[in-house]
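Student: Take the sequence shown: its position 206, counted from the start at 1, is 206 in UniProt numbering, and no numbers get skipped. We put the CB at the ideal spot given by N, CA and C, even for glycine.
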Amino acid sequence: MYLSQRDQKTVVIEGSHSAFCVATYEAPLAEKVIQTTGRFCLNAVLQASPSGHLDGQAVYLIFDLRQAGDVTGACDFCALHLNCSTREYRVESYGTGGNLRVLQTVSNVAALQPHHPFSVRLMYHADAIRIEINDVRVTNNLYVGRWPSLPLGSAYTRGVGVGVYGRTRALVSKFSISSECPALRGPGYHLGCSVDGLTTKPLICDDESVEAPVPYTVMAAQEIPHSDAELVAMIEQDILRESLQVAFDDVAGLATAKRLLKEAVILPALFPELFHGVRQPWRGLLLFGPPGTGKTLLAKAVASATQWTFFTCSLATLTSKWRGESEKLIRVLFQMARARGPSILFFDEIDALLTKRGTASEHEASRRTKSELLIQLDGLAAGGMHSKKKEGNGKNEGGLFSSHVMVLATSNTPWDIDEAFRRRLEKRIYIPLPDMHAREEVLRIHLEGISLADDVDFLQIANRTEHFSGADLQHLCREACMNPLRRVFADLPLDEIKAKREAGAFGEEQTRVSMADFEQALEKANPATHAAEIAKFEKWNAEFGSR
1 MYLSQRDQKT VVIEGSHSAF CVATYEAPLA EKVIQTTGRF CLNAVLQASP
51 SGHLDGQAVY LIFDLRQAGD VTGACDFCAL HLNCSTREYR VESYGTGGNL
101 RVLQTVSNVA ALQPHHPFSV RLMYHADAIR IEINDVRVTN NLYVGRWPSL
151 PLGSAYTRGV GVGVYGRTRA LVSKFSISSE CPALRGPGYH LGCSVDGLTT
201 KPLICDDESV EAPVPYTVMA AQEIPHSDAE LVAMIEQDIL RESLQVAFDD
251 VAGLATAKRL LKEAVILPAL FPELFHGVRQ PWRGLLLFGP PGTGKTLLAK
301 AVASATQWTF FTCSLATLTS KWRGESEKLI RVLFQMARAR GPSILFFDEI
351 DALLTKRGTA SEHEASRRTK SELLIQLDGL AAGGMHSKKK EGNGKNEGGL
401 FSSHVMVLAT SNTPWDIDEA FRRRLEKRIY IPLPDMHARE EVLRIHLEGI
451 SLADDVDFLQ IANRTEHFSG ADLQHLCREA CMNPLRRVFA DLPLDEIKAK
501 REAGAFGEEQ TRVSMADFEQ ALEKANPATH AAEIAKFEKW NAEFGSR
């Protein structure tokens, strides 16, 4: 730690290879008096300055400091982990023994950039914190759970400061303690809601003097070894953070599949008190059927309807060339899902991951990965779904635990899935090709907003597209809608096209789609699924499907 040569008021902190380097703040007497009240505000201007071998970009604003040292054993503090590389911050609680609890994660913070200073205000009171970055409130009333209420007459004396971990250089141009801290809520008032809209819960304030918290993303306390922190960061990239805005009404047909999904997912989310005991919700769902029938779209509708944390589990994330790391990734994935629960783990085309075991071509690493996934799925089944006691009177209340995790998977080849995994995917829902009425509805959805001639007959087109999937129908509509554009722009040089556009020569009349355009498109279109494949799906559904 040293003073910057450019600015003698800026402190430079450089980290070592494998330990925390923490600079504690020795406050003036007036600021110490404020700190002892246990209700104060940290004000800092920080900057990550990677250069040469000091290429790290993470800065830690340390508070509630008891001790700091090698992260594997001698750390006991809470920190605001500001990562300028990924532009996210985490509120982390380090305990003795190297255990890390991630209390909150927020991504896409534009102010966090390397070589750019940013201001941080961290206010805490009653075991809760509020965070502002560049004067924008990003966290409010986050319950930390590290210190109890101060007894009357006692003083809060734990340390504060700035830290780096590994080969990192941080610049501190301002650090002070002030009394500008509002009354924050303690543990009895901790109600979380997500900035991404996926875990929204209502907030009730019974004290008008306390401001209502702004949204934030909460990761419930979960013991994760610090050695797995990089795996946590990898998996967090697969969390869906924006609202999908997909409703079940956006999916044409599939009435039976929608009913089963609502029974399995939506109703337990809306009426958790009804789903306990033998009525407890399913933990594993499989959507299977031909390609292009809307399996992924249904999964998105489930995510939008439940507002649960939605993990899109990709094969690329869960596989690693390093021995044993794939198993760790799966274990950390389920730990994070429980911590952010209720959660949905979505595996698209799960047959690529859960092929039958024991074949001659199966690699040892693949067997270990499948074994770990089986262990985690068994852990879901044994974990229990419902509340056992109702507070106050001891009666069975029912309802979902906040750690509830459900696996939602899709497959185009369900017969390739290992039998053990098939059993754990308790509800297996067939997503068939659309029937005639569903095809007509799909056509209307895809052609909404397109100028159509009066002779376009949706029913006739639907009758002529047997065995077409939803994706096939989309391609058919696209091809038909391109035909009038081809007629208008055929053999025209680019300059003439630009001139006619400026003159307004290309209006709705010239680009209107007629039945003749669909006739031409139908001559070129063929379904992607053959009758023999449909029979194979129907046979598997008769043996293993849910109704």
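By how many angstroms is the C-alpha of A352 removed from the C-alpha of T306?
Tutor: Translated into positions along the sequence shown, residue 306 becomes position 306. Translated into positions along the sequence shown, residue 352 becomes position 352. Answer to the nearest angstrom: the Cα atoms are 27 Å apart.
Student: Alpha carbon to alpha carbon, what distance is there between D418 and R368?
Tutor: As a position in the sequence shown, residue 368 is number 368, starting the count at 1. As a position in the sequence shown, residue 418 is number 418, starting the count at 1. Distance between the alpha carbons of R368 and D418: 14 Å.
Student: Rounded to whole angstroms, what's the CA-CA distance from P434 to L374? Just pull it up for me.
Tutor: Taking the sequence shown and counting its residues from 1, one reaches residue 434 at position 434. Taking the sequence shown and counting its residues from 1, one reaches residue 374 at position 374. So the two alpha carbons sit approximately 34 Å from each other.
Student: How many Å lie between P28 and F175 at the Cα?
Tutor: Here residue 28 corresponds to residue number 28 of the sequence shown, with the count starting at 1. Here residue 175 corresponds to residue number 175 of the sequence shown, with the count starting at 1. Their backbone Cα atoms lie some 11 Å apart in a straight line.
Student: What is the rounded straight-line gap between the Cα of R424 and the Cα of L285?
Tutor: Residue numbering aside, residue 424 sits at position 424 when the sequence shown is read from its first letter. Residue numbering aside, residue 285 sits at position 285 when the sequence shown is read from its first letter. The straight-line gap from Cα to Cα measures roughly 9 Å.
Student: Could you work out which residue in R512, K500 and N463 is closest to P484 when comparing CA atoms only?
Tutor: Translated into the one-based positions of the sequence shown, residue 484 becomes position 484. Closest option to P484, Cα to Cα, is R512.
Student: Could you name the residues that DSSP lists as bridge partners for Y430?
Tutor: As a position in the sequence shown, residue 430 is number 430, starting the count at 1. Partner(s): F288.
Student: To which residues does DSSP link M406 through a beta bridge?
Tutor: Against the sequence shown, residue 406 aligns to sequence position 406. BP columns for M406 point to I344.
Student: Can you name the start and end residues of the beta strand (DSSP E) that E14 belongs to?
Tutor: Along the sequence shown, read from residue 1 onward, the residue named residue 14 stands at position 14. That run of the beta strand (DSSP E) goes V11 to E14.
Student: Quick one: Cα of A516 to Cα of C477, how far?
Tutor: Indexing the sequence shown from 1 puts residue 516 at position 516. Indexing the sequence shown from 1 puts residue 477 at position 477. Cα to Cα, A516 sits roughly 13 Å from C477.
Student: What's the C-alpha gap between T157 and V22?
Tutor: For the purposes of this step, residue 157 is taken as the residue at position 157 of the sequence shown. For the purposes of this step, residue 22 is taken as the residue at position 22 of the sequence shown. Distance between the alpha carbons of T157 and V22 is about 17 Å.
Student: In three-state DSSP terms, what is N526?
Tutor: In the sequence shown, residue 526 corresponds to position 526, counting from 1. N526 falls in the coil class under three-state DSSP.
Student: Leaving out the 5 sequence neighbours to the left and right, which residues in its chain are closer than 8 Å to L345 when beta-carbon positions are compared?
Tutor: In the sequence shown, the residue the question calls residue 345 occupies position 345. The answer, listed in chain order, is F311, C313, L333, F334, A337, V405, M406, V407 and L408.
Student: Do the region 439-451 and the region 492-503 meet, that is, are 3 or more Cβ pairs less than 8 Å apart?
Tutor: Contact fails: fewer than three Cβ-Cβ distances are below 8 Å.
Student: Measuring alpha carbon to alpha carbon, tell me which of T465, E543, L80 and A257 ends up nearest A525.
Tutor: The residue labelled residue 525 in the question sits at position 525 within the sequence shown. With distances taken between Cα atoms, A525 lies closest to T465.
Student: State the DSSP-derived secondary structure class of R66, mapped to helix, strand or coil.
Tutor: For the purposes of this step, residue 66 is taken as residue 66 along the sequence shown, with counting starting at 1. Residue state, collapsed to three classes: strand.
Student: Under 8 Å: do the region 47-57 and the region 108-123 share three or more Cβ pairs, one atom per stretch?
Tutor: Yes, they touch.
Student: DSSP on M234, reduced to helix/strand/coil?
Tutor: As a first step, residue 234 is located in the sequence shown; it is residue number 234 there, counting from the start. In the structure shown, M234 sits in a helix (DSSP, three-state: H, G or I).
Student: I'd like to confirm the pairing. Which residues does DSSP put opposite C84 in its beta bridges?
Tutor: On the sequence shown, residue 84 is found 84 positions in, with the first residue counted as 1. Its beta-bridge partners do not exist; DSSP assigns none.
Student: With a 10 Å radius around its C-beta and 16 neighbouring C-beta atoms as the bar for buried, classify N393 as buried or exposed.
Tutor: Reading the sequence shown from its first residue, position 393 is the one you call residue 393. Summary for N393: the model assigns pLDDT 41, below 50, so the residue's position carries little reliability; its value from the coordinates is reported in the next sentence. Exposed is the call here.
Student: Could you tell me which residues DSSP puts in a beta bridge with A44?
Tutor: The sequence position of residue 44 within the sequence shown is 44, counting from 1. DSSP output for A44 lists V120 and F175 as bridge partner(s).
Student: Under 8 Å: do the region 99-107 and the region 28-39 share three or more Cβ pairs, one atom per stretch?
Tutor: Short answer: they don't touch.
Student: In the DSSP assignment, find the beta strand (DSSP E) that holds C21 and state where it starts and stops.
Tutor: Taking the first residue of the sequence shown as position 1, residue 21 is located at position 21. Where C21 is concerned, the enclosing beta strand (DSSP E) stretches over F20 to T24.
Student: Do V232 and G294 have their beta-carbon atoms positioned less than 7 Å apart in this structure?
Tutor: Residue numbering aside, residue 294 sits at position 294 when the sequence shown is read from its first letter. Residue numbering aside, residue 232 sits at position 232 when the sequence shown is read from its first letter. Contact: no.
Student: By Cβ distance below 6 Å, which residues in the same chain neighbour A453 in space, the five residues on each side in sequence not counted?
Tutor: Stepping through the sequence shown from its first residue, residue 453 is reached at position 453. Only R512 and S514 meet the Cβ criterion.
Student: Just to confirm my understanding: we take V488, look at its own chain, exclude 5 residues before and 5 after, and list those with CB closer than 8 Å. What are they?
Tutor: Residue mapping note: residue 488 aligns to position 488 of the sequence shown, counting from 1. Closer than 8 Å at the Cβ level, and outside the excluded window around V488, lie F506, Q510 and T511.
Student: Going along the chain, which residues of its own chain have a beta-carbon closer than 6 Å to the beta-carbon of E24, five neighbours each way excluded?
Tutor: Within the sequence shown, residue 24 is the residue found at index 24, counting from 1. The sequence given here has Thr at residue 24, not Glu. Contacts found: G159 and G161.
Student: Measuring only the C-alpha atoms, how far is G379 from P281?
Tutor: Translated into the one-based positions of the sequence shown, residue 379 becomes position 379. Translated into the one-based positions of the sequence shown, residue 281 becomes position 281. If you take the alpha carbons of G379 and P281, they lie about 15 Å apart.
Student: Assuming L298 and I431 are in contact, meaning their beta carbons sit under 8 Å apart, how far apart are those beta carbons, in whole angstroms?
Tutor: Indexing the sequence shown from 1 puts residue 298 at position 298. Indexing the sequence shown from 1 puts residue 431 at position 431. Sure, about 7 Å apart at Cβ, within 8 Å.
Student: Return the chain-ordered list of same chain residues with a C-beta closer than 7 Å to the C-beta of L315, the five sequence neighbours on each side being excluded.
Tutor: Taking the first residue of the sequence shown as position 1, residue 315 is located at position 315. Result list for L315: A352 and L353, in chain order.
Student: If you draw a straight line from the C-alpha of L329 to the C-alpha of D64, how long is it?
Tutor: One-based indexing of the sequence shown puts residue 329 at position 329. One-based indexing of the sequence shown puts residue 64 at position 64. So the alpha carbons of these two residues sit roughly 31 Å apart.
Student: Output the distance between the C-alpha atoms of H530 and P290, rounded to the nearest integer angstrom.
Tutor: The residue you call residue 530 lines up with position 530 of the sequence shown. The residue you call residue 290 lines up with position 290 of the sequence shown. Approximately 10 Å, taken between the alpha carbons.
Student: Where does R130 fall in DSSP's three states?
Tutor: Locating residue 130 in the sequence shown gives position 130, counting from the first residue. If DSSP states are grouped into helix, strand and coil, R130 belongs with the strands.
Student: Check whether the region 168-182 and the region 2-21 touch, using three or more Cβ-Cβ pairs below 8 Å as the test.
Tutor: The region 168-182, when compared against the region 2-21, does touch it at the 8 Å Cβ threshold.
Student: Under the rule that 16 or more other beta-carbon atoms within 10 Å means buried, what is M123, buried or exposed?
Tutor: Reading the sequence shown from its first residue, position 123 is the one you call residue 123. So M123 ends up on the buried side.
Student: Compare the C-alpha of T309 against each of G292, G341 and A44 and name the closest.
Tutor: Mapped onto the sequence shown, residue 309 falls at position 309. Of G292, G341 and A44, the residue nearest in Cα terms is G341.
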